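Trainee: From first to last, the protein sequence lines stand for chains V and L.
The letter at position 45 of the first sequence is residue 44 when you use numbering that gives the first Met the number 0, and the numbering goes up by one with no holes.
The letter at position 204 of the second sequence is residue 203 when you use numbering that gives the first Met the number 0, and the numbering goes up by one with no holes.
All residues carry an ideal CB built from backbone N, CA and C; glycine is no exception.
Values in this document were obtained by computation on a predicted structure and should not be read as measured data.
First the structure, which I've put down as structure tokens, then a few questions once you've had a look.
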Amino acid sequence: MTAPAAPRTASAPRRRGSSGIRGGEGVAGWLFVLPVVLILGVFLFIPVLMALWVSFSDWNGNGSPLSPSVSFIGLQNYADVTTSGGLAERNFGLSLRNNAWYVLLVVPLQTALSLLLAVLVSRAMLRGRGFFRTAYYFPSVTSSVAITVLWLFLFSTTGVVNQIIGWFGGHGPNWFQDPRGLFHLLAGTTPGPEVLTQGKFLGVTWWEWTAGPSVAMFAFILMAIFTTSGTFMLLFLAALQNIGPELAEAAMVDGANGWQRFWRITLPQLRPTIFTVVTLGLIGCWQVFDQIYTGTQGGPGKTTLTPAYLSYQASFQDQKWGDGAAIAFMLFVIIILFTLLQRWVLRDRPVSRRRIRAYQPKGVRHG
Amino acid sequence: MSRHTARAAIAVGGTVIAALALAGCGQGFSSGGSSGSAGGLTSSKKPITLMIGSSGDAETKAVQDAASAWSKKSGVDVTVVPATNLSQQLSQGFAAGSPPDVFYLSTDAIAGLVQNKSLKAYGDMLGNKSDFYPSLVKNFSVNGTFYCAPKDFSTLQLIINTDLWTKAGLTDADIPKTWDQLAEDAKKLTSGTTKGLVFSGEYARIGAFMAEAGGRLVSEDGKKAEADSAANVKALDYVKQHLNDGTFAYAKDVGAGWGGEAFGKQLGAMTIEGNWITGAMQSDYPNVKYKVVELPAGPAGKGTLQFTNCWGMSAASKNQKAGLDFIQFLTSSEQQLTFSKAFGPMPSVKSAAATWKADNAPLVPFLTGADYAQGVPTNAGAADVIADFNSQLETLKTADPKTILQSVQTNLEAVVK
């Protein structure tokens with residue numbers, strides 16, 4: 000028992016000899032990682048387990064969740080926010096709707112924009128490259144609270160954005176107070192067709208699901224793109240500089256133009272970075288909280304409510320800790336699912352027939 | 000392979016158990032706290048912690064002064080903690096088993112804390128119990144038990160910009176007594192960027208119209224949802240009509256954060272606000288002249304809403320006896336008048352009314368409102384329903400009042416039991 004690191008038989012295969020002079024290394028190893036294991040355990044692993052327990056219990060926020068007065072209630076909290084038919088369900092549905100539109104717009108746009116910026120500032124002949132890199136990166140290092148406050152000013156009724164719109168004869172909306180959905184605005188805000196207004200999912204009608212981000216949420220979407228594309232630009236920049244010039248040169252010899260070189264040579268080599276950027280983007284977007292907390296607190300008309308903020312609100316404001324924990328875990332599952340999905344989308348595929356044909360000498364070559 | 004995993008599992012398991020034990024020790028389990036019913040009070044030599052959600056430096060300083068005055072008298076130390084986010088910090092305190100002994104408590108948080116037995120019901124033990132306004136006592140009673148002493152209160156009334164009033168050719172005789180007169184005045188006061196009446200588009204203001212029409216969200220005994228009553232529909236119809244004819248407007252729609260800001264910036268010639276507006280006018284818009292009058296009577300007579308906070312006491316407090324004495328000191332007529340002078344709230348006790356009226360002659364309508372004001376719903380979960388109501392009120396201009404109120408009714412029925 001005192002020396003558990005010395006197994007008797009040769010069943011420990013690949014590594015090294017199991018006993019002898021190095022027999023104590025296992026113990027030493029564990030000893031060295033013990034502080035980290037302890038810290039991670041106390042501050043990460045156990046809280047996660049406790050939160051999981053809270054999501055299955057009727058803990059009401061008084062005293063310890065592990066005290067005997069707290070009991071297991073199965074999936075009741077989860078049912079409360081997904082099938083109760085009440086306000087909790089509708090709030091959760093709305094928060095998912097809002098956040099889904101946010102993700103759908105922010106992730107592709109920020110990825111594309113950061114890639115574009117990276118390509119621009121990686122050019123050797125660009126004058127003042129350093130300046131541009133700093134300028135683009137600057138919003139990323141500023142605190143999200145400060146940026147939100149700045150945004151509230153820029154997008155107020157009489158703010159800079161509306162004044163600029165005014166120069167062009169337009170009349171800007173009252174951005175952060177406007178709950179109308181963008182797609183409904185474009186379609187003309189008539190009450191939707193019967194088919195869509197009757198059916199509901201998570202307490203939210205299909206018509207509301209299709210509303211798109213509200214004007215207020217759109218301002219947040221712009222802000223997210225503005226603040227994060229700098230960070231991701233940096234990742235792309237590093238990846239671009241790691242790509243050797245040989246392939247591009249070879250392509251040039253073959254007569255590929257700039258666009259073709261980017262599309263066929265550079266972009267495929269950036270795939271791991273794109274994966275990283277999209278994954279980070281997905282996680283960040285599904286967890287959006289600071290901006291909502293400092294900016295709109297879910298308003299106007301609950302159109303900027305997000306699951307992360309709702310989870311906080313349910314727990315701390317409404318004292319429904321079980322609901323809050325359940326929302327947090329569902330958010331966690333959503334993030335995992337989306338990450339898996341995009342991993343599947345970005346997987347390495349065998350080259351398609353059409354593509355192969357393009358490289359065959361006698362095939363039909365288009366473009 | 001399997002051996003390795005097993006060993007790792009044992010190691011991790013041991014760590015988890017050890018860490019759980021550590022976490023357990025640190026928490027100081029309070030086993031749910033003592034019951035919320037009026038029972039014996041705890042008593043010890045420990046100092047008292049008082050957590051406040053302060054409106055600013057003036058309030059913080061006034062409370063600190065009061066605390067040290069009582070401290071000197073009683074010999075019990077008091078620590079005043081101004082919270083940055085009161086409801087969150089209270090929740091954390093209760094969850095961790097170390098809540099403050101005494102704290103500000105809002106009407107929408109009381110039911111939740113009663114439900115989870117975090118709150119000590121000491122109301123009936125107060126020596127000055129009969130001095131509090133009955134409507135305030137009702138606000139802080141849950142299932143017939145008076146939980147905590149009302150700290151102070153405010154009501155909504157009509158604020159009029161006197162310069163714009165005379166400029167529109169109106170006199171004291173025109174001060175609105177009915178809804179029709181209010182609409183007429185608002186029409187005369189509407190010109191250019193100034194709307195006649197601007198207020199925040201939320202239940203906490205529009206609810207006054209509902210009260211004037213004879214409606215309310217939850218019955219007086221708190222046991223029945225009454226949101227979709229004909230009276231409430233009438234009130235929302237009235238507001239909607241005048242939002243649409245352009246004489247009324249929501250503060251947000253004219254680009255202001257709240258009614259007071261719209262009023263101060265002269266985007267509205269009248270507004271509906273509580274007595275906290277006086278502080279804002281003094282500091283931000285000292286040049287705007289105004290007066291306070293009672294809100295006009297609706298179809299069912301006079302009506303307004305009242306807002307209040309109480310001095311909550313934690314069920315887990317080790318020093319409830321001293322806490323009760325402290326609260327009695329804080330709610331005494333004398334101390335409340337001092338608070339009123341320092342940062343403007345209205346005393347919650349009747350015995351201070353005469354002095355307060357004499358000292359604050361222009362603000363008397365606020366206090367007169369105490370006679371007919373109704374409180375906001377305090378049922379557990381009601382805050383959530385009201386938040387949803389507010390989000391629907393934002394679109395009142397185009398929405399159907401009846402549909403809105405029906406959805407509020409459904410939501411309320413789920414929480415009012």
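Can you check whether the C-beta of V/Phe154 is within less than 8 Å of a C-beta belonging to chain L?
Mentor: Cβ-Cβ to chain L under 8 Å: no for V/Phe154.
Trainee: Look up L/Ile159 in the DSSP assignment and say whether it is helix, strand or coil.
Mentor: DSSP places L/Ile159 in strand when its eight states are reduced to three.
Trainee: Could you pull out every residue in the same chain whose Cβ sits closer than 6 Å to the Cβ of L/Tyr121, ignoring the five residues on either side in sequence?
Mentor: Answer for L/Tyr121: Met312 and Leu323, listed in chain order.
Trainee: Classify L/Glu393 as buried or exposed, calling it buried when 16 or more other Cβ atoms lie within 10 Å of its own Cβ.
Mentor: Looking at its Cβ environment, which holds 16 or more other Cβ atoms inside 10 Å, L/Glu393 is buried.
Trainee: What's the call for L/Ala182, buried or exposed, on a 16-neighbour Cβ count within 10 Å?
Mentor: Per the 10 Å Cβ criterion, buried.
Trainee: Are L/Gln373 and L/Leu304 close, meaning C-beta to C-beta below 8 Å?
Mentor: In contact: L/Gln373 and L/Leu304 (Cβ atoms closer than 8 Å).
Trainee: How many Å lie between L/Ala234 and L/Ala381 at the Cα?
Mentor: One C-alpha to the other measures close to 21 Å.
Trainee: Using the C-alpha atoms, what's the distance from L/Thr270 back to L/Pro344?
Mentor: Rounded to whole angstroms, L/Pro344 to L/Thr270 spans 19 Å at the Cα level.
Trainee: Starting from the N-terminal side, write out each stretch of the alpha helix (DSSP H) that is 4 residues or longer and does not extend beyond the segment 298 to 380 of chain L.
Mentor: Segments of the alpha helix (DSSP H) lying fully in the segment 298 to 380 of chain L: 319 to 329, 332 to 342, 352 to 358 and 363 to 367.
Trainee: Could you tell me which chain A residues have their CB closer than 8 Å to the CB of V/Asn173, listed as they occur along the chain?
Mentor: No chain A is part of this structure, whose protein chains are labelled V and L.
Trainee: Give me, in chain order, the residues of the same chain whose beta-carbon lies closer than 7 Å to that of L/Gly13; leave out the 5 immediate sequence neighbours on both sides.
Mentor: Confidence is the limiting factor: at L/Gly13 the pLDDT is only 47, short of 50, which leaves the residue's position unreliable, though a coordinate-based value still follows. None.
Trainee: Which residues of chain L have a Cβ atom closer than 7 Å to the Cβ of V/Phe315, listed in chain order?
Mentor: Ser86, Gln87 and Ser90, listed in chain order.
Trainee: Thinking C-alpha only, which one of L/Leu216, L/Ala57, L/Ala66 and L/Met50 is nearest L/Asp100?
Mentor: Answer by Cα proximity: L/Met50.
Trainee: With L/Gln265 and L/Asn160 assumed to form a contact (beta carbons below 8 Å), what rounded beta-carbon distance in angstroms separates them?
Mentor: Yes, L/Gln265 and L/Asn160 are in contact; Cβ-Cβ is about 7 Å, under 8 Å.
Trainee: Hey, would you say V/Leu239 sits closer than 8 Å to V/Ser121, going by beta carbons?
Mentor: Going by C-beta atoms, V/Leu239 is nearer than 8 Å to V/Ser121.
Trainee: Could you tell me whether the Cβ atoms of L/Leu163 and L/Lys396 are closer together than 8 Å?
Mentor: Cβ atoms of L/Leu163 and L/Lys396: not closer than 8 Å.
Trainee: Quick check on DSSP: helix, strand or coil for L/Lys166?
Mentor: Of the three classes helix, strand and coil, the one that applies to L/Lys166 here is helix, per DSSP.
Trainee: Could you tell me whether the Cβ of V/Gly243 comes closer than 8 Å to any Cβ of chain L?
Mentor: It does not; no Cβ of chain L falls within 8 Å.
Trainee: Establish whether the CB of L/Gln26 and some CB of chain V are separated by less than 8 Å.
Mentor: The pLDDT assigned to L/Gln26 is 39, lower than 50, so where the model puts this residue is not dependable; a value taken from the coordinates is nonetheless given after this. Interface residue, yes.
Trainee: I'd like the list of long-range same chain contacts for L/Phe198, defined as Cβ closer than 6 Å, with 5 residues on each side in sequence excluded.
Mentor: Result list for L/Phe198: Arg204, Gly258, Thr270 and Ile271, in chain order.
Trainee: Since V/Ser70 is in the beta strand (DSSP E), which residue starts that stretch and which ends it?
Mentor: Neither: V/Ser70 is in no beta strand (DSSP E) and is coded neither H nor E.
Trainee: Could you check how far apart the C-beta atoms of V/Val106 and V/Val277 are, in whole angstroms? I think they sit under 8 Å.
Mentor: Right, the Cβ-Cβ distance comes to about 6 Å (below 8 Å), so this counts as a contact.
Trainee: Among the residues of its own chain, which have a CB less than 6 Å from the CB of V/Trp58, if the five just before and after it don't count?
Mentor: So the list reads Pro64, Val69 and Trp320, once near-sequence residues are dropped.
Trainee: Go through its chain and collect everything with a Cβ distance to V/Phe396's Cβ below 7 Å, but skip five positions before and after it.
Mentor: The shown model of chain V, from 0 to 366, leaves out residue 396 of chain V, and the question about it has no answer.
Trainee: If we cut at 8 Å on Cβ distances, does V/Pro192 have a partner in chain L?
Mentor: It does not: the Cβ of V/Pro192 has no partner Cβ on chain L nearer than 8 Å.
Trainee: Look at the Cβ atom of L/Val292, then the Cβ atom of L/Pro361, and state whether they are nearer than 8 Å.
Mentor: Not in contact: L/Val292 and L/Pro361 (Cβ atoms no closer than 8 Å).
Trainee: Count the other CB atoms, across all protein chains shown, that sit within 10 Å of the CB of V/Pro172; report buried if there are 16 or more and exposed otherwise.
Mentor: When all chains shown are included, V/Pro172 counts as buried.
Trainee: Taking the alpha carbon of L/Asp179 as the point to measure from, which residue in L/Tyr237, L/Lys317, L/Met124 and L/Trp69 has its own alpha carbon closest?
Mentor: Comparing Cα positions, the closest option is L/Tyr237.
Trainee: Rounded to the nearest angstrom, how far is the Cβ of L/Gly302 from that of L/Tyr371, given a contact under 8 Å?
Mentor: Contact holds; Cβ gap of about 6 Å.
Trainee: Return helix, strand or coil for L/Leu21, following the three-state DSSP convention.
Mentor: Summary for L/Leu21: the model assigns pLDDT 42, below 50, so the residue's position carries little reliability, and this model does not support an answer.
Trainee: Taking 8 Å as the cut-off, decide whether the C-beta atoms of L/Val414 and L/Val384 are in contact.
Mentor: Yes. Within cutoff.
Trainee: Please name the residue, chosen from L/Ala299, L/Ala94, L/Asp227 and L/Thr189, that lies closest to L/Thr402 on a Cα-to-Cα basis.
Mentor: Nearest of L/Ala299, L/Ala94, L/Asp227 and L/Thr189 to L/Thr402, Cα basis: L/Asp227.
Trainee: Rounded to the nearest angstrom, what separates L/Ala94 and V/Ala218 at their Cα positions?
Mentor: Cα to Cα, L/Ala94 sits roughly 36 Å from V/Ala218.
Trainee: Using three-state DSSP, classify V/Pro271 as helix, strand or coil.
Mentor: Helix at V/Pro271.
Trainee: Among the candidates V/Asn90, V/Thr81 and V/Leu233, whose CA atom is the shortest distance from the CA of V/Glu207?
Mentor: Nearest of V/Asn90, V/Thr81 and V/Leu233 to V/Glu207, Cα basis: V/Asn90.
Trainee: Out of V/Leu233, V/Trp52, V/Asn241 and V/Gly40, which has the shortest C-alpha to C-alpha gap to V/Ala134?
Mentor: Nearest C-alpha to V/Ala134: V/Leu233.
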